[in-house]
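Chemist:
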Amino acid sequence: MQSINRAQLFRASCLSLLVTSLSFGIRAGILNDQGVRFHLNASELGTIAATAFWGFPLAIIVGGFIVDIIGMKKLLVSAFVFHLVGILLTIFANGYWTLFLSTLLIGIANGTVEASCNPLVASLFTDNKTTKLNHFHLWFPAGIVIGTLLVFGLDSTLAHGVSPKPYWISQVEIAAMLIPTLIYGFLFSKLEFPVTERVAAGVSTKDMYKALINPLFLFMIICMFGTAITELFTNQWTDVLFKTVTDNAILILTFVASVQVLGRAFASPIVHKLAPQGVLLISAILSALGIYLMIHLHGDAIYFAAVVFGLGVAFFWPCMIGFVAENLPRTGAVGLNLMGGAGMFGVSIYMIFMGGYYDRIMAQKLPSGASLDAYRSAAGGTDMAKAFDAARSAAGPEVLNTTLIIPVVLIFAFAGLVIYMRSKNKTEPLKTAVV
Numbered sequence: 195m196q197s198i199n200r201a202q203l204f205r206a207s208c209l210s211l212l213v214t215s216l217s218f219g220i221r222a223g224i225l226n227d228q229g230v231r232f233h234l235n236a237s238e239l240g241t242i243a244a245t246a247f248w249g250f251p252l253a254i255i256v257g258g259f260i261v262d263i264i265g266m267k268k269l270l271v272s273a274f275v276f277h278l279v280g281i282l283l284t285i286f287a288n289g290y291w292t293l294f295l296s297t298l299l300i301g302i303a304n305g306t307v308e309a310s311c312n313p314l315v316a317s318l319f320t321d322n323k324t325t326k327l328n329h330f331h332l333w334f335p336a337g338i339v340i341g342t343l344l345v346f347g348l349d350s351t352l353a354h355g356v357s358p359k360p361y362w363i364s365q366v367e368i369a370a371m372l373i374p375t376l377i378y379g380f381l382f383s384k385l386e387f388p389v390t391e392r393v394a395a396g397v398s399t400k401d402m403y404k405a406l407i408n409p410l411f412l413f414m415i416i417c418m419f420g421t422a423i424t425e426l427f428t429n430q431w432t433d434v435l436f437k438t439v440t441d442n443a444i445l446i447l448t449f450v451a452s453v454q455v456l457g458r459a460f461a462s463p464i465v466h467k468l469a470p471q472g473v474l475l476i477s478a479i480l481s482a483l484g485i486y487l488m489i490h491l492h493g494d495a496i497y498f499a500a501v502v503f504g505l506g507v508a509f510f511w512p513c514m515i516g517f518v519a520e521n522l523p524r525t526g527a528v529g530l531n532l533m534g535g536a537g538m539f540g541v542s543i544y545m546i547f548m549g550g551y552y553d554r555i556m557a558q559k560l561p562s563g564a565s566l567d568a569y570r571s572a573a574g575g576t577d578m579a580k581a582f583d584a585a586r587s588a589a590g591p592e593v594l595n596t597t598l599i600i601p602v603v604l605i606f607a608f609a610g611l612v613i614y615m616r617s618k619n620k621t622e623p624l625k626t627a628v629v
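Residue numbers (my numbering): 195 to 629.
1. Quick one: using the 10 Å Cβ neighbour count with 16 as the cut-off for buried, is G493 buried or exposed?
2. Considering only residues of the same chain and omitting the five flanking positions on each side of L480, which have a CB-CB separation below 7 Å?
3. When you compare only the Cα positions, how much space is there between Y614 and I605?
4. Taking DSSP as the reference, what is the three-state secondary structure of A235?
5. Kindly indicate the opening and closing residues of the alpha helix (DSSP H) around G504.
6. Thinking C-beta only, is P523 closer than 7 Å to T324?
7. If you compare alpha carbons, which of F413, F539, F247, F218 is closest to V518?
8. Taking buried to mean at least 16 other C-beta atoms within 10 Å of its own C-beta, is E386 buried or exposed?
9. Under the assumption that A287 contacts L293 (Cβ atoms under 8 Å), give the Cβ distance between them as a whole number of angstroms.
10. Is there contact here, the region 202-209 with the region 253-264, by at least three beta-carbon pairs under 8 Å?
11. Let me know the secondary structure DSSP gives V389 once reduced to three states.
12. Would you mind sorting W291 into buried or exposed? The rule is 16 or more other CB atoms within 10 Å of its CB.
13. Comparing C-alpha positions only, which one of A243, A309, I263, G280 sits nearest to L270?
14. I'd like the list of long-range same chain contacts for V612, defined as Cβ closer than 7 Å, with 5 residues on each side in sequence excluded.
15. So for I415, helix, strand or coil by DSSP?
16. With a threshold of 16 other CB atoms inside 10 Å of the CB of G610, please say whether the residue is buried or exposed.
17. Would you check if there are 3 or more beta carbon pairs closer than 8 Å linking the region 412-429 to the region 524-538?
18. Quick one: what's got a C-beta closer than 8 Å to L491's C-beta in the same chain, skipping five residues either side?
19. For the region 547-614, which segments carrying the beta strand (DSSP E) assignment without a break, of at least 3 residues, lie completely within its bounds, in sequence order?
20. How would you write the range of the alpha helix (DSSP H) that G337 sits in, first residue to last?
21. Report all residues from its chain with a CB closer than 6 Å to the CB of P451; omit the five preceding and five following residues, and keep chain order.
22. Measuring CB to CB, does D583 end up less than 7 Å from A236?
23. Is it true that the region 243-253 meets the region 370-390, where meeting means three or more beta-carbon pairs spaced less than 8 Å apart?
24. If you check the beta carbons only, do M578 and G240 fall under 7 Å apart?
25. Can you tell me the Cα-Cα spacing of N312 and Y378, whole angstroms?
26. Give every residue of the same chain whose Cβ lies closer than 6 Å to the Cβ of L352, excluding the five residues on either side of it in the sequence, and list them in chain order.
27. Would you kindly work out how many angstroms separate the C-alpha atoms of N429 and F449, rounded to a whole number?
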């Protein structure tokens, strides 16, 4: 029997997460182009973008319940298939419903990757979970950086100032995801996998389900809604919200993601010094400050706001997962995956709500009785186009103002968590043996 190679499994896991994040980064960069190409309004774009967040919780929750039954390897092979089909369908999409279906498939693939890799990393590095989860999850913002720079670079070199840009350029940008997808599919098909930490420790399925109703776990689930929305909604809608603030709105996302990469790469001393709950409290404070600055700063100063926001959201996802892995280890793979699923589900609902809210604000800012679709399709330079841009300039900050409430609430929630954990005895780690 082939021995388990921790280093190779970890590298392959990072590559699969890279594909997941490329789908976010590239889609964020072409979301506006898809709206122009297929004549979609903000509500329809919000629904399409949210579809990835529907597929994600569906896959991650189902995957969490079956990962110990069928094994992590089979789940990751299925993730490869979903990624491949979803990417191809996106390339050859011809309207709303094909974009909807392709995004759903990619969302399912992304959730399946998380359903397998979060417990895999926790099982491979039982003595250093939160730090290694930060190192694993740095590939999410890294992929966003690569994806957004790819979109920006190809747009700059191939579009030649044409507006709207030819849609075939967006198709090329989507097709770039095929390369890492094929590589990670091949790697996982050749590697041997361990059982999850919970199984290796001999914790029964019954005890695992009992652990899921722990009030602390339920509290973390609720907080996960807020941390995921703060990070992922703001990032995913960057191109829409800041289109009239800067000519290169997608670079705001690149700045945010770059800071996230650096933060997660050097997470070890921060996590060991402050513990996950302390890092989460500081993250909530910086996230709230970052969103506030993005609302009130303009021009090049917006990139400073992006750096502050990036520092805030850098540790949210891996430290939320890491907190559960360290302090509620008996929840097993199901616990880790319910956390991820809750976060993505919250984002999907919020995106749909905010898509409609954005359109309503836009309609209010236009002349009474004006058709939003008519103004959206108006040629650049006309009075209608100028009125549409003015409405967008007003709508973006209002959406961000509403979102700002979430990290402010999280500041109080995590302050309470820090106080609670100081009064609590240290959690005993599960006794496992990793090959």
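Virtual Cβ for every residue (Gly too), placed ideally from N, Cα, C.
Modeler: Looking at the coordinates:
1. exposed
2. V502, L505, G506
3. 14 Å
4. In the sequence on display, residue 235 carries Asn and not Ala. In the structure shown, N235 sits in coil (DSSP, three-state: anything other than H, G, I, E or B).
5. 495-507
6. no
7. F413
8. exposed
9. 5 Å
10. no
11. coil
12. Residue environment: W291 is assigned as exposed (fewer than 16 neighbouring CB atoms within 10 Å of its CB, all protein chains considered).
13. A309
14. Q471, G472, L475
15. helix
16. exposed
17. yes
18. F498, A499
19. none
20. Looking at the DSSP string, the run of the alpha helix (DSSP H) that includes G337 is 333-352.
21. Reading the sequence as shown, one finds Ala at residue 451 and not Pro. P335, I338, V339.
22. no
23. The region 243-253, when compared against the region 370-390, does not touch it at the 8 Å Cβ threshold.
24. no
25. 16 Å
26. I363
27. 11 Å
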